[in-house]
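*Asks:* Shown below is the structure under consideration.
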Amino acid sequence: MSSPTFDQQAVPSQWTHRHLLDLERLTPDEIRLLLDTATLFKEATGGCRRKLAVLTGTTVVTLFFENSTRTKTSFALAARRLGADVVDFSASSSSLSKGESFIDTARNLEAMGIDAVVVRHGTPGTPHLLAQHLSVGVINAGDGPHEHPTQGLLDIFSIRERLGDLQGVTVGLVGDIAHSRTARSNLWGLVKLGARVIVCGPPTLVSDRWRELGVEVSHDLDAIVPRCDVLNLLRIQFERQNTRPFPSVREYAHLYAMTRERLKRAKKDLLILAPGPINRGVEVSAEVADCPQSLILDQVANGLAVRMGVLWLTCGPRAADAVPAAIPTRGGF
Amino acid sequence: MGTLLIRGGRVVDPSQGIDRVDDVLVRDGLVVSIGHAGTQPIGKADETIDATGLVVTPGLIDMHVHLREPGREEDETIESGTRAALAGGFTSVACIPNTEPPLDTQAAVEFVHQKAARADTCNVFVVACVSRNREGKELAEIGQLVEAGAVAFSDDGAPVYDAELMRRAFEYCRMFDKPILAHEEVLELSRGGVMHEGLVSLVLGLTGMPAAAEEVMIGRDIALSEVTGGRLHVMHVSTAGGVALIRAAKARGARISAEACPHHFTLTDDGLRGFDSNFKMSPPLRTAVDVEAIIAGIVDGTIDCIATDHAPHAREKKMLELDRAPFGILGLETAVGLAVTRLVATGRIGWPRLVEAMSTLPARILGLNRGTLRPGAVADITIIDPAVSWRVDVQQFRSRSINSPFHGWTLQGRAAFTIVGGRVKHRLDRG
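In order, the protein sequence lines correspond to chains A and B.
Following my numbering, the numbering of the first sequence begins with 1 at its first residue and continues without gaps.
Following my numbering, the numbering of the second sequence begins with 1001 at its first residue and continues without gaps.
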């Protein structure tokens, strides 16, 4: 066990971003840095249980435009473990329902002297938009089906904790890839760290276009289960679908639920992840969710470590100063 | 009104097959002659413009402009929109009737004409609604609208969804020889969409609008046009498949014309990577393959003309989240620069084809007595500086809105003079 005090100099200084908006635009080294920082915090807090006073005097706002229990709680807890103050801004009770634009709302919060905004929104790119308009750090806690970088990081963190290195590891992302921000963040992080990624589900949820990014596409779970070292079972996002992309939940579960029968054909040390909330009986049967290979509860604990690391990097004393967001700038011809 | 002499410019007028350095003489608002290059003494006319090194063309016509008035004056007015048109080199615009209320009555058409006359800027020709109240249920009073001066019919902003109504509209408009300008979109396929459906939308997690949503409807309307003999003008073609459908229909002799917008031959869906709502329009920015197909369509004439789909939106509306921000992009003040930069300077088309696409053919499709410098024609003339390099600055726009993704771009080619009815209405400060 490491010492109870946290050596601030132990955190490497290559982090140059003001915000954490997505994993797509980070380099492999930056992703490793995020994971390493999370490891440091996990150790320094005795497994995320003790408090540190490294962000005392810092105020973090959670600005959630979509319902969330675990992500918001996890961020709030992570911030408090580091000594930061946390203010929850509930979007439904705010002036947003009175027609104020979300940028105006965020500007108001900024004027109150906060240091970082943790934002969740149903529309892709909304954190990026905030980052352009605000000078405080913006952390994306999920923007529609686009990305959920801390979820991707904590999934990868959990795998790395068990397997050491991601290089050459085969990870199957199964389910509603089309509507899953977790899938996208996992995909980018895993590919950048050298893992082999297979996306699996019906063609209505898993586009063949993913192949253009060097990802393997499969519509047959039974065919890929024996090859996978890790399976990440993604929730069906009924709320984001225009028309149902499969005939029935029953048929979906028959084809794509991870069951004990399918588990029998898997590698013995297969790891199973599922970003909550899970629909037991749809993506994963109850006995698989609770089996020894399941990292589902590790994921929740590691979420704290990852979020402490992210908060530290984006609003700690060594956070990059006013580095613009990684938005491509466009010139003329 | 007196005389105006435009000396020594490169006169490009496809309606007469003219492309030569020459003088244009205007008297009392009408073209008198093209000739006597350089021999006409300075001082002979009341006003002389030295057009050396400039391109002199029949006044440009944008046949797809949303002026927003009446109803959405916070976005644009007839006056501000037509001033933007003049600054962009357009002497005429055709305004699209999706205003509030929509332009579906004689009174509404008359309102636009009066407002335009009061603004005293460029010519405004009215496109009126195909359907009453733009609801797609029953035909508007097309005959009376024609009497009021409507030059074409469109429910743009939305497709005419009922196929039978569209068929009736084609049949009925035939009697007035008026085209139907069609927004082509199968709404079930594009529902909830923000951008083109492709690799970029997949990566960004944004709901896509597939190319098929446009192509399926183009196919329907081509079939209806062919079966009725009605005139179809396909608005803002954005896909390679759409270009192919139109090319094949024209080869069969169908009465079809088509337009493309500068943004569709310039930008791709990659522009959405910054989540900037200025890149959000309908139809959406497509892929590099589609951009190339649009350009090829302009080169071979499958796409008859260039129109901007100038769609102003007040800045607070565009500052919303991507799915709540409205579709639309400004076009009037960047069209010439984009067309010259993307099409002429790259050698894809010559000046005669550009002038045909931006003046001759829009006039022909809408049946306007414009788009020519024949002796006796109304002296609507655009003089373009083909070489000037300039930086787009939305703060300098005459439009009330600033929703242009081209802010900060450097473009080549810009209107130096815009002349309407023999009067110089816009003069570029070339300091």
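Cβ coordinates follow ideal geometry from the N, Cα and C atoms, glycine included.
For B:G1413, decide whether its Cβ has a neighbour in chain A, counting only Cβ atoms nearer than 7 Å.
*Replies:* No, its Cβ sits nowhere closer than 7 Å to a Cβ of chain A.
*Asks:* Does the separation of the CB atoms of B:V1127 and B:P1097 fall below 7 Å?
*Replies:* Contact: yes.
*Asks:* Along the stretch 1313-1338 of chain B, where does the CB come closer than 9 Å to a CB of chain A? Name the residues.
*Replies:* The residues in question are E1316, M1319, L1320, E1321, L1322, D1323, R1324.
*Asks:* Mind checking if A:R209 is an interface residue toward chain B, Cβ cutoff 7 Å exclusive?
*Replies:* Chain B contact via Cβ: present.
*Asks:* Return the chain-ordered list of same chain residues with a C-beta closer than 8 Å to the C-beta of A:P202, the five sequence neighbours on each side being excluded.
*Replies:* H219, P245, F246, Y252, L255, Y256, listed in sequence order.
*Asks:* Assuming B:G1149 contacts B:V1109 under a Cβ cut-off of 8 Å, what Cβ separation, rounded to an integer in Å, is found between them?
*Replies:* So it is a contact: roughly 6 Å between Cβ atoms.
*Asks:* Have a look at B:L1005, B:P1362, B:P1058, B:T1003 and flag the residue whose alpha-carbon is nearest the alpha-carbon of B:E1259.
*Replies:* The shortest C-alpha separation from B:E1259 is found at B:P1362.
*Asks:* Check B:M1319 in the structure and name its three-state DSSP category.
*Replies:* Looking at B:M1319 - three-state DSSP - the assignment turns out to be coil, as it is neither helix nor strand.
*Asks:* Is the CB of A:H219 under 7 Å away from at least one CB in chain B?
*Replies:* A:H219 does not count as touching chain B.
*Asks:* Determine the closest residue to B:G1088 out of B:S1257, B:R1414, B:L1004, B:G1376, with distance taken between C-alpha atoms.
*Replies:* It is B:R1414.
*Asks:* Would you mind reading off the limits of the alpha helix (DSSP H) that contains A:F41?
*Replies:* 28-44 is the extent of the alpha helix (DSSP H) around A:F41.
*Asks:* Terminal residues of the continuous alpha helix (DSSP H) containing B:V1355?
*Replies:* Where B:V1355 is concerned, the enclosing alpha helix (DSSP H) stretches over 1351-1355.
*Asks:* Does the beta carbon of A:P275 sit closer than 7 Å to a beta carbon anywhere in chain B?
*Replies:* It does not; no Cβ of chain B falls within 7 Å.
*Asks:* What is the C-beta distance between A:S185 and A:E147, in whole angstroms, given that I count them as a contact (C-beta under 8 Å)?
*Replies:* With 8 Å as the limit, A:S185 and A:E147 qualify as a contact, their Cβ atoms being about 5 Å apart.
*Asks:* Tell me which residues of the stretch 122-141 of chain A have at least one Cβ-Cβ distance to chain B shorter than 7 Å, keeping chain order.
*Replies:* Those residues of the stretch 122-141 of chain A that come within reach of chain B (Cβ to Cβ, closer than 7 Å) are T123, P124, G125, T126, H128, L129.
*Asks:* How do the stretch 198-214 of chain A and the stretch 33-43 of chain A stand: do at least 3 beta-carbon pairs fall below 8 Å, yes or no?
*Replies:* Too few Cβ pairs lie closer than 8 Å, so no.
*Asks:* Can you grab the Cα-Cα spacing for the pair B:P1159 / B:L1285, in whole Å?
*Replies:* If I take the Cα positions, the gap works out to 18 Å.
*Asks:* Counting only C-beta atoms, is B:L1343 closer than 7 Å to chain A at any point?
*Replies:* Judged by the 7 Å Cβ criterion, B:L1343 is not in contact with chain A.
*Asks:* Are any of the Cβ atoms in chain B nearer than 7 Å to that of A:H146?
*Replies:* Yes, contact with chain B.
*Asks:* Can the beta-carbon of A:R227 be found less than 7 Å from the beta-carbon of A:T170?
*Replies:* Result yes, Cβ atoms of A:R227 and A:T170 sit closer than 7 Å.
*Asks:* Where does A:V206 fall in DSSP's three states?
*Replies:* Coil.
*Asks:* Please list, in chain order, the chain B residues whose beta carbon lies closer than 8 Å to that of A:S101.
*Replies:* Near A:S101 (Cβ distances below 8 Å), the residues of chain B are E1316, M1319, L1320.
*Asks:* If we ignore side chains and look at the alpha-carbon of each, how far apart do A:R343 and B:V1024 end up?
*Replies:* Absent from the model: residue 343 of chain A. The displayed extent of chain A is 1 to 333, so no value can be given.
*Asks:* Looking at the secondary structure, which residues open and close the beta strand (DSSP E) in which B:R1409 lies?
*Replies:* The amino acid occupying residue 1409 of chain B in the given sequence is Trp; Arg does not appear at that position. From DSSP, B:W1409 is part of no beta strand (DSSP E); its letter is neither H nor E.
*Asks:* Given that A:R184 touches chain B, what residues does it touch there, using C-beta distances under 8 Å?
*Replies:* The answer, in chain order, is V1203, G1205.
*Asks:* Please name the residues in the stretch 1353-1368 of chain B whose beta-carbon is closer than 8 Å to at least one beta-carbon of chain A, in chain order.
*Replies:* Listed by position, the residues of the stretch 1353-1368 of chain B near chain A (Cβ gap below 8 Å) amount to none.
*Asks:* Name the residue from B:A1244, B:V1227, B:N1278, B:F1275 whose alpha carbon lies nearest to the alpha carbon of B:A1254.
*Replies:* For the residues B:A1244, B:V1227, B:N1278, B:F1275, the minimum Cα distance to B:A1254 belongs to B:V1227.
*Asks:* Can you look up B:C1261 in the DSSP assignment and give me helix, strand or coil?
*Replies:* Coil.
*Asks:* Report all residues from its chain with a CB closer than 8 Å to the CB of A:S285; omit the five preceding and five following residues, and keep chain order.
*Replies:* These residues qualify, in order along the chain: A257, M258, T259, R260.
*Asks:* Using alpha carbons as the reference points, say which of A:I278, A:D22, A:D229, A:I198 lies closest to A:G152.
*Replies:* Cα-wise, what sits closest to A:G152 is A:D22.
*Asks:* By the DSSP assignment, the beta strand (DSSP E) with B:I1034 in it spans what residues?
*Replies:* Unbroken beta strand (DSSP E) run through B:I1034: 1030-1034.
*Asks:* On the three-state DSSP scale, how would you describe B:R1231?
*Replies:* B:R1231: coil per DSSP, three-state reduction.
*Asks:* Please list, in chain order, the chain A residues whose beta carbon lies closer than 8 Å to that of B:G1192.
*Replies:* What B:G1192 touches in chain A: N242.
*Asks:* Could you list the residues in the stretch 1242-1267 of chain B with a C-beta less than 8 Å from some C-beta on chain A, going in chain order?
*Replies:* For the stretch 1242-1267 of chain B, which is checked against every Cβ of chain A, not one residue is closer than 8 Å.
*Asks:* Closest to B:V1237 by C-alpha separation, out of B:G1347, B:L1103, B:R1068, B:A1211, would be which residue?
*Replies:* Ranking the options by Cα distance to B:V1237, first place goes to B:A1211.
*Asks:* Got a sec, what are the start and stop residues for the alpha helix (DSSP H) A:L166 sits in?
*Replies:* Unbroken run through A:L166: none, as it is neither H nor E.
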